[in-house]
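Trainee:
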Amino acid sequence: MYDQLASIVSKENIVQNKPLKNHTYTRLGGNADYFVTPVTYEQVQHVVKLANQEKVPFTLLGNGSNLIIKDGGIRGIVMYLGKLAAITVEGTKIIAGSGALIANVSKQALTNHLTGLEFACGIPGSVGGALFMNAGAYGGEIKDVLLRAKIVDRDGELKVMEAKDLDLSYRTSNIPTNGYIVLEAEFGLEVGDFKQIKAVMDDLTYKRESKQPLEYPTCGSVFKRPPGYFAGKLIQDSGLQGKQIGGAQVSLKHAGFIINKDEASAKEYITLIEYVQQVVKEKYGVSLEREVRIIGEDG
Ligand SMILES: Cc1cc2nc3c(=O)[nH]c(=O)nc-3n(C[C@H](O)[C@H](O)[C@H](O)COP(=O)(O)OP(=O)(O)OC[C@H]3O[C@@H](n4cnc5c(N)ncnc54)[C@H](O)[C@@H]3O)c2cc1C
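Start counting the sequence shown at 0; every next residue gets the next number (numbering that gives the first Met the number 0).
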C-alpha cells in the first residue's frame, strides 16, 4: 500500500503510523496507518480510486475541531487536505480550497471589504469541515453564503455541486451520506464597510473568548441544540459542571464544553459524554444528540 500511495502523492506526503493527537483539538487519539497529504485535486481522486480498488478503509480529516479519535487510532488511509488551502478573491466571490481555515477565509473577506462571513471568524474548522456540517455561529451559517462546491464523489469523480444540492441545514448536509470529499468552495458575499465588518468580528471574538474555555483542548460544543432547550443550560441545571472522569471534565466556564483537562484518554472523554447524556435524559427527559463525531478504534 505504501508504494502504491507513494506513486500517487510521493513519499514526502505519506507518513506511516502517524500519531493523530496533534491533528485534533481535543488532543486525543491513536495513530493512522497511512497519513496521506495530497497536493493536487487529481491526487485526491487517485487516492480514492486506489482505496476503492484495494478495499482499504478511508477516512478524511479536516482541521480536527469536530472530531474525537479513539485511542486505538484509525486503520487504513487517513487523508488530510491541509495543503489544498489556496484562497482567491474575485470581485465579491471568494474561492477557497477545502484545507483553508474558514477563519482565514473570513479574514480575507474583511481585508477585501466583503461582508457575509463575519460569523465564521472564530470557527476553528477547515472549509471542507465547515461545509460538511454547515458550520454556523451567532445567527450566520455556511448555507447563507455558499454558492457551489467542487467535490470528489465515492468513485473518485470530480463534480461541481450547487449549494442547494448539498441539503445544508442545522449542523448537517448530505456530504456525509453521499461520501463526498469537498475540494473547493465558492462563497458569494457583498461589498461592505471595513470598519463595520471588523467591529462585528471583534465583538464575536470577545464573546467567544469570554464564554468558551479556549485555554484547554476541547471539541467545542459537544451537543447540538435540542429543540426548545440549550444543551449547556440543561447540563448546568443537572449539576454536572466540574464533573470529571479521568482527565476529562465538564467545563466550569461553559457547561456545553468538555475539556481535556489533564491528559485524558479518548475513552475517558467519551465516557464523560455518555454520562452527561444519561444524567440529562434522567433529569429532563431530553436526549442530547452529539455534534462532535467519534471515529477510530478502541485502544
Ligand atoms: C473551540 C471550538 C469552537 C467551535 N465553535 C464552533 C461554532 O461556533 N460553530 C460551529 O459550527 N462549529 C464550531 N466548532 C466545531 C468545528 O470547528 C466545526 O464543526 C468545523 O466545521 C469542523 O471542521 P474541521 O475541518 O475541523 O473538521 P474535522 O473535525 O476535521 O472533521 C469533521 C468531519 O468533517 C469531515 N470533513 C473534513 N473535511 C472534509 C472535506 N474536505 N470534505 C468532506 N468532509 C470533510 C471529516 O471527515 C469529519 O467527518 C468549534 C470547535 C471548537 C474546538
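Yeah, the Cβ is synthetic: ideal placement off N, Cα and C, and Gly gets one too. On a predicted model such as this, the values are computed, not experimentally measured, just so you know.
If we ignore side chains and look at the alpha-carbon of each, how far apart do ILE122 and LYS252 end up?
Mentor: Residue mapping note: residue 122 aligns to position 123 of the sequence shown, counting from 1. Residue mapping note: residue 252 aligns to position 253 of the sequence shown, counting from 1. If you take the alpha carbons of ILE122 and LYS252, they lie about 18 Å apart.
Trainee: Would you be able to state if there are at least three C-beta pairs under 8 Å between the segment 199-216 and the segment 148-156?
Mentor: no
Trainee: Answer with buried or exposed for VAL8, where buried requires no fewer than 16 other C-beta atoms within 10 angstroms of its C-beta.
Mentor: Locating residue 8 in the sequence shown gives position 9, where the first residue counts as 1. By the 10 Å Cβ count, VAL8 comes out buried.
Trainee: Less than 8 Å between the CB atoms is what I'm expecting for ALA99 and CYS120, so what's the real figure, rounded?
Mentor: Counting from 1 along the sequence shown, the entry for residue 99 is found at position 100. Counting from 1 along the sequence shown, the entry for residue 120 is found at position 121. Actually they do not touch by this definition, with Cβ atoms about 14 Å apart.
Trainee: Helix, strand or coil: how does DSSP classify ASP201 here?
Mentor: Residue 201 sits at position 202 when you count from the first residue of the sequence shown. Helix.
Trainee: For the beta strand (DSSP E) containing PHE186, name the first residue and the last one.
Mentor: Here residue 186 refers to the residue found at position 187 of the sequence shown. Run containing PHE186: 180-187, per the beta strand (DSSP E) assignment.
Trainee: Beta carbon of GLY72, beta carbon of GLY245: below 8 Å?
Mentor: Translated into positions along the sequence shown, residue 72 becomes position 73. Translated into positions along the sequence shown, residue 245 becomes position 246. Not a contact, by the Cβ cut-off of 8 Å.
Trainee: Just to confirm my understanding: we take ARG207, look at its own chain, exclude 5 residues before and 5 after, and list those with CB closer than 6 Å. What are they?
Mentor: As a working note, residue 207 is residue 208 in the sequence shown. So the qualifying residues of the chain are GLY121.
Trainee: Select from VAL47, ALA265, GLY90 the residue whose C-alpha is nearest the C-alpha of LEU59.
Mentor: Sequence index remark: in the sequence shown, residue 59 carries index 60 (1-based). Relative to the Cα of LEU59, the nearest Cα in the group VAL47, ALA265, GLY90 belongs to VAL47.
Trainee: At a cut-off of 7 Å, is LEU27 close to ligand 1 when judged by its beta-carbon and the heavy atoms of the ligand?
Mentor: Reading the sequence shown from its first residue, position 28 is the one you call residue 27. LEU27 Cβ: outside cutoff for every heavy atom of ligand 1.
Trainee: Which same chain residues, not among the five before or five after TYR268, have their C-beta less than 7 Å away from its C-beta?
Mentor: Against the sequence shown, residue 268 aligns to sequence position 269. Cβ neighbours of TYR268 beyond the five flanking positions: THR25, LEU27, ILE67, ALA247, ILE257, ASN259.
Trainee: Going by C-alpha distance, which of GLU41, SER125, HIS45 is nearest HIS22?
Mentor: Translated into positions along the sequence shown, residue 22 becomes position 23. Considering only alpha carbons, the answer is SER125.
Trainee: Entirely within the segment 82-132 and at least 3 residues each: give me those beta strand (DSSP E) ranges in chain order.
Mentor: 86-89, 92-96
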